[in-house]
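Protein chains: 2
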Amino acid sequence: MGISTSGQHSKNRIRIQDGFWNPFTELVRETVIPYQWEALNDRIPDAEPSYAVRNFRIAAGLEEGEFGGMVFQDSDIAKWLEAVGYSLASHPDPELERTADELIELVAQAQHENGYLNTYFTIKEPGKQWTNLHEAHELYCAGHMIEAAVAYYEATGKRKLLDVVCKFADYIDTVFGSEPGKLRGYDGHQEIELALVKLHRVTGEERYLKLAQFFIDERGTEPNFLVEECKQRGGYSHWAKKVLPIPTVRQMAYNQAHVPVRQQDAAVGHSVRAVYMYTAMADLARLTNDRELLEACRRLWDNTTKKQMYITGGIGSTHHGEAFSFDYDLPNDTVYAETCASIGLIFFANRMLQLEAKSEYADVMERALYNNVIGSMSQDGKHYFYVNPLEVWPKASELNPGRHHVKAVRQKWFGCSCCPPNVARLLSSLNDYIYTAAAVENTVYVHLFIGSEAQFELDAGRVGLLQQSRLPWEGYARFELTAVPGGAFALALRLPSWSGGQAGLKINGAAVSFNVVNGYAVVKRVWAPGDIVEWEPRLEAQLTAAHPEIRANAGKAAIERGPLVYCLEEADNGSPLASLSIVRGTELRSYMTPELPGGAVVIEADGRAEEHASWQADTPYRPLAELQGAVPVKLTAVPYYLWGNRKPGEMTVWIRTCSE
Amino acid sequence: MGISTSGQHSKNRIRIQDGFWNPFTELVRETVIPYQWEALNDRIPDAEPSYAVRNFRIAAGLEEGEFGGMVFQDSDIAKWLEAVGYSLASHPDPELERTADELIELVAQAQHENGYLNTYFTIKEPGKQWTNLHEAHELYCAGHMIEAAVAYYEATGKRKLLDVVCKFADYIDTVFGSEPGKLRGYDGHQEIELALVKLHRVTGEERYLKLAQFFIDERGTEPNFLVEECKQRGGYSHWAKKVLPIPTVRQMAYNQAHVPVRQQDAAVGHSVRAVYMYTAMADLARLTNDRELLEACRRLWDNTTKKQMYITGGIGSTHHGEAFSFDYDLPNDTVYAETCASIGLIFFANRMLQLEAKSEYADVMERALYNNVIGSMSQDGKHYFYVNPLEVWPKASELNPGRHHVKAVRQKWFGCSCCPPNVARLLSSLNDYIYTAAAVENTVYVHLFIGSEAQFELDAGRVGLLQQSRLPWEGYARFELTAVPGGAFALALRLPSWSGGQAGLKINGAAVSFNVVNGYAVVKRVWAPGDIVEWEPRLEAQLTAAHPEIRANAGKAAIERGPLVYCLEEADNGSPLASLSIVRGTELRSYMTPELPGGAVVIEADGRAEEHASWQADTPYRPLAELQGAVPVKLTAVPYYLWGNRKPGEMTVWIRTCSE
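Chains A and B are the protein sequences, given in the same order.
All letters in the first sequence, in the order written, are residues 1 to 660 by our numbering.
All letters in the second sequence, in the order written, are residues 1001 to 1660 by our numbering.
Put into structure tokens, the structure is as follows:
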């Protein structure tokens, strides 16, 4: 298996036009980005101020005052600019661009003479730069600003912010490295690594790639930089505001810095940090043709997605450290499954697809996108889940402290928060996740079935493609070739895992057979302009079981339909949901209803409900033999991404099964 | 329903002689008490020192040094002396008594001139007495010393410690009260209330009863004493070692001080504090004929035992604050169910039985005793569970921080700990829980079926009773009347809830019918010496279901046999236990095996095991339709109190049910 060296960002252009996805991208453009701008400027009534813009004004010398917000507050500015960049690329907006230009001007003014840029250390701890990589997110913030600059440059062609971050990266390159006199360090929160790869892509500057490689390779080596750094600070902790015991190397698993990354086999520690790092590792494996790193990526991918991933594409089983726990430990009710972690998993999948086109990466990408990620956002774009549970009992969320982190309703988005801007930047750049093009092999891969106009530059020449999709409601996508090169090229259509390997393919109305290679139906031929390809993966509701080692789901099933995971809500099925079971052989009846936001397919199934009538409130336990049998009921399941949009109530993805 | 005013501690004498219980009481006498003495003297190798004896030596001026251990370290000395008292009562031991006498001498030397006694405030914060009732356990420690003194006095007739605590209580009475100039306060951890009732019992001194009443009545009134006290300390917290925000009255629910006790309807807050308080409330309701307090006790009993109690008699659903959460929230895996809380529940049940003989109190008492309490102790008496889970996955206990508090193996008992000495004092005074005698009504109630010799003083005269019991393995108890008065009196035998109301009664070999009053078979007659009563409540293994609102147990059943709850262990049934289900109509085959410690009845049942063979490690989810059916297996269940005595592994009380 060769390592593909073709990036997707060459000269390819993709623009989404899709009935399901347009409302999300419009929401980001019309609501999330403007709302976040107000938040960054401390203009949301009754919300804690963000201080993010103000910090830059103070750092730039335009205003007097104290630093406000978290140590990583700058990253909110960066994520907003990044989302704006993506948005402008697909949807020009002169006024928004002017606002962004002014903000970029401000950012530039806050930059030090030597290139350094960070308002926390500029305002609050001048002279303390690079003394607390472990906790202070300095390179993390740098990474986000780099991502913003790249996105903004690619959208507008304007170099201002790009120049700022290049100067900053050049400075960072003088501070960090294995050469004598440089810091052999790396950030406590990975992010800059993947950002430097992007900066290398748009600038062509090898130094940025090498710096990313340095950070990745240095991580977890002995002596452990983060531990030694803590010692040099005398154990002082930024977060605890006091001296703490020096952490052990093993505790650096939280930051994935307990062993060198190439030796890591299992996803551990803070899940967002982990997947951001894996993303950069996959980038580097591709760009440097590093087989050892590729093998590490595959191992970490396998462990993350096959042993530690919820069916919704959520990762992170515990809120203690927002972290992975261990294989098959996937509790539904004390879950974490942070939105940002699923977004990072999508980044990782995207980079693995650039490395090697295997449908399992796209399967996971789609799973995380259609369930965990879009489920995190309310239909008004102003309320978010940070934790995305698979089972909710609102009273327990309120009254059992072990479940306080699991919210039954999406929370109002206040100034300082990671997930909403991350959703914004993912959704506004979703066009980057639909296809990859292998120029040398003359193949266009279709990973996601999202309506879009696309152009690819293959070695054979330019390809124009118009995708129309009925996903997620129907298994149908139609591709019109709007431009074709003279020679042959291949269209590789993902055969989704949910199709059970069954799909129909028509070319110009005639059914054709196809070969499946690594999960893609590959059709290679000389195409003519106007050729129509119709792709019909089987899309039917089905019951899904979990691996028996996943104890939380024993004896249960989930309903899935195409890429969507379904759930039961109290609004449709009453309470307690635990009293319900689903008949294993039930017919699953799907129908579209306009009653759910945006219109959606709901599923009805045959179920059984335990009888409650014979129970007295004062009888907690009694002989099973006294119970009457369960009674037949109709179960109604709704797409997981729509849960919690009606009155607060119980929700569950996994449903007990019964035999008849 | 009249309130019985007959205490059980009048002139009644009960001595246990029982095949099941003797090993436990011997373990306490021969191992736990001597081992704890070594611990209190810091002589356990590799264990953290207790400092408890040393603190008294320092406070007495016999040694120089700093205070060691927790602020409530004195209570460990008290609990040990109390257990010694009970032990000496049933089993004289001159050497142990000499040791105890010397310790009591030391305690007396540490007492201040004015009666005050607390080594923490004597050594570490002199002058700060009574300034942090909320956190510093001053009256709590006093209460335990009072309980010790009462037990030691009743066992030995020696007044030394009794005089010490009377002097202390007299002093406390000058400090606390509603009179002008006195502190209108109470302890953050209830305990002294029930202790003062005992002190009143042995001394006849009304002031002690009134002081207990003051503490109970003052609690939760406005302005809230604990909140005001925090304000006076400027918010300084003993535990946090810094100034914290002043807590709200609502937060005082942790200490059951959020509203006056008479207005409390539901068990809230720290569960041990709660049941210690309810115990004193029941005492006071009985002794002062207080109907309002009785009604509060009944409400709190009902809520605790019918909405917030595990089937094992455990209470406290969350380790956050070792606390109750809310009705029907009884998670099996993130449980707390502290040993001390179940012991406190037994105290409460015992006091309710003194108030009114209703079998439901004894049912709960027996449930907590035979399951949660004795299950907490290892067979060597040196290892204990503080948390008593109903479901354990050892790997999750180790690797998921939300379950670190749930241990898969009993922990070595170190110097400072509450549960082991509490188990010791309960088991060494178990004779006090078997019977109550209503002298005026001339009735002897048998609550527990534990072999014992007993003497009661009824108005009709002296009754001598010899109970022999085959519990918990067989439903058979035999009573020989060894002494009888001239007139009639009633023997009231508990008809246990687990019998399903079915029992056989024989008198002198002849079956007789009986009336059931409040759950007791009451036989009133003029008895002759040598009369034999045989009582055979039906004792059969059965499956038990939980109330449908207890979501954690939906679709599951527990195996119970008489007073014992059973569980599945990995040692007998493999892993994961979640793959197993029990056939709803299964025969439950019981047999005695010598292979379990002490010999025990195990139960075999028909079950089903999900098939694992067709699952690949890399397939976390797949269509339910692809699964093969579950295969028949034999399930082996062992008594819960014996779990975790073999190699560490999974355990579960609640088992999924299947239909065939």
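Each residue gets a CB set at the ideal place from its N, CA and C atoms; glycine is no exception.
From a predicted model like this one, the values you see are computed outputs, not experimental measurements.
Give me the Cα-Cα distance between residue i and residue j, rounded to the nearest whole angstrom.
{"i": "A1483 (chain B)", "j": "N1515 (chain B)", "result": "24 Å"}
{"i": "I1033 (chain B)", "j": "T1099 (chain B)", "result": "12 Å"}
{"i": "T156 (chain A)", "j": "G85 (chain A)", "result": "7 Å"}
{"i": "I1582 (chain B)", "j": "A1558 (chain B)", "result": "10 Å"}
{"i": "E540 (chain A)", "j": "S497 (chain A)", "result": "12 Å"}
{"i": "M1145 (chain B)", "j": "V1071 (chain B)", "result": "15 Å"}
{"i": "T337 (chain A)", "j": "A323 (chain A)", "result": "The question names Thr, yet the displayed sequence has Ala at residue 337 (chain A). Cα to Cα, the separation comes out at about 9 Å."}
{"i": "W1473 (chain B)", "j": "R538 (chain A)", "result": "59 Å"}
{"i": "K556 (chain A)", "j": "Y310 (chain A)", "result": "14 Å"}
{"i": "F479 (chain A)", "j": "G451 (chain A)", "result": "9 Å"}
{"i": "R233 (chain A)", "j": "P247 (chain A)", "result": "12 Å"}
{"i": "R1622 (chain B)", "j": "A437 (chain A)", "result": "30 Å"}
{"i": "W1643 (chain B)", "j": "I1374 (chain B)", "result": "11 Å"}
{"i": "A285 (chain A)", "j": "Y278 (chain A)", "result": "10 Å"}
{"i": "H383 (chain A)", "j": "Q36 (chain A)", "result": "12 Å"}
{"i": "H258 (chain A)", "j": "A280 (chain A)", "result": "18 Å"}
Return no unless some Cβ of chain A is closer than 8 Å to the Cβ of residue i.
{"i": "A1542 (chain B)", "result": "Note on residue identity: the sequence assigns Gln, not Ala, to residue 1542 (chain B). Yes, Q1542 (chain B) lies at the interface with chain A (some Cβ there is under 8 Å from its Cβ)."}
{"i": "P1401 (chain B)", "result": "yes"}
{"i": "H1200 (chain B)", "result": "no"}
{"i": "R1584 (chain B)", "result": "yes"}
{"i": "H1270 (chain B)", "result": "no"}
{"i": "W1393 (chain B)", "result": "yes"}
{"i": "R1029 (chain B)", "result": "no"}
{"i": "D1015 (chain B)", "result": "Residue identity check: residue 1015 (chain B) is Arg in the sequence provided, not Asp. No - not a single Cβ of chain A is within 8 Å of the one on R1015 (chain B)."}
{"i": "L1627 (chain B)", "result": "yes"}
Determine which residues share a DSSP beta bridge with residue i and list them.
{"i": "T1156 (chain B)", "result": "In the DSSP output, where bridge partners are listed per residue, T1156 (chain B) has none listed."}
{"i": "V638 (chain A)", "result": "A:C567"}
{"i": "G1504 (chain B)", "result": "B:E1536"}
{"i": "K1412 (chain B)", "result": "B:H1383"}
{"i": "P623 (chain A)", "result": "B:T1544"}
{"i": "L1674 (chain B)", "result": "There is simply no residue 1674 (chain B) to check, as chain B begins at 1001 and stops at 1660 in what is shown."}
{"i": "P1632 (chain B)", "result": "B:R1608"}
{"i": "N515 (chain A)", "result": "A:V522"}
{"i": "I1603 (chain B)", "result": "B:S1590, B:A1637"}
{"i": "Q455 (chain A)", "result": "A:R13, A:G464"}
Does any C-beta atom of chain B lie closer than 8 Å to the C-beta of residue i?
{"i": "R538 (chain A)", "result": "no"}
{"i": "L568 (chain A)", "result": "no"}
{"i": "W239 (chain A)", "result": "no"}
{"i": "P623 (chain A)", "result": "yes"}
{"i": "R551 (chain A)", "result": "yes"}
{"i": "H258 (chain A)", "result": "no"}
{"i": "H9 (chain A)", "result": "Annotation note: pLDDT 46 at H9 (chain A) (below 50); position unreliable, no value reported."}
{"i": "G248 (chain A)", "result": "One detail in the question is off: residue 248 (chain A) reads as Thr in this sequence, not Gly. By this cut-off, T248 (chain A) is not an interface position."}
For residue i, which residues in chain C fall below 8 Å Cβ to Cβ?
{"i": "R494 (chain A)", "result": "The structure shown has no chain C; the protein chains it does contain are A and B."}
Requested in this report: For the segment 631-660 of chain A, enumerate the residues whose C-beta is nearer than 9 Å to any C-beta of chain B, in chain order.
Outcome: E650, R656, T657, C658, S659, E660
Query raised in the report: According to a CB-to-CB cut-off of less than 9 Å, which residues of the segment 1312-1337 of chain B neighbour chain A?
Result: S1317, T1318, H1319, H1320, G1321, A1323, S1325, F1326, D1327, Y1328, D1329, L1330, P1331, D1333, T1334
Requested in this report: Spell out a yes or no on whether the segment 566-582 of chain A and the segment 344-356 of chain A are touching, meaning 3 or more CB-CB pairs, one atom from each, closer than 8 Å.
Outcome: Below 8 Å, too few C-beta pairs join the segment 566-582 of chain A and the segment 344-356 of chain A to call them touching: fewer than three.
**Report entry** Members of the segment 290-313 of chain A that neighbour chain B once the beta carbon cut-off is set at 8 Å
**Finding:** D302, T305, K306, K307, M309, I311
Query raised in the report: Taking a cut of 8 Å between CB atoms, which residues from the segment 1112-1123 of chain B lie near chain A?
Result: Along the segment 1112-1123 of chain B, none of the residues has a CB nearer than 8 Å to a CB of chain A.
Requested in this report: State whether the segment 1238-1249 of chain B contacts the segment 1194-1211 of chain B, with contact taken as three or more CB pairs (one from each stretch) at a distance under 8 Å.
Outcome: no
**Report entry** chain B contacts made by the segment 512-537 of chain A, where a contact means CB separation under 7 Å
**Finding:** none
Query raised in the report: Is the segment 638-655 of chain A touching the segment 600-611 of chain A in the sense that three or more CB pairs, one from each, lie closer than 8 Å?
Result: yes
Report task. Would you check if there are 3 or more beta carbon pairs closer than 8 Å linking the segment 1059-1066 of chain B to the segment 1403-1411 of chain B? Result -> no
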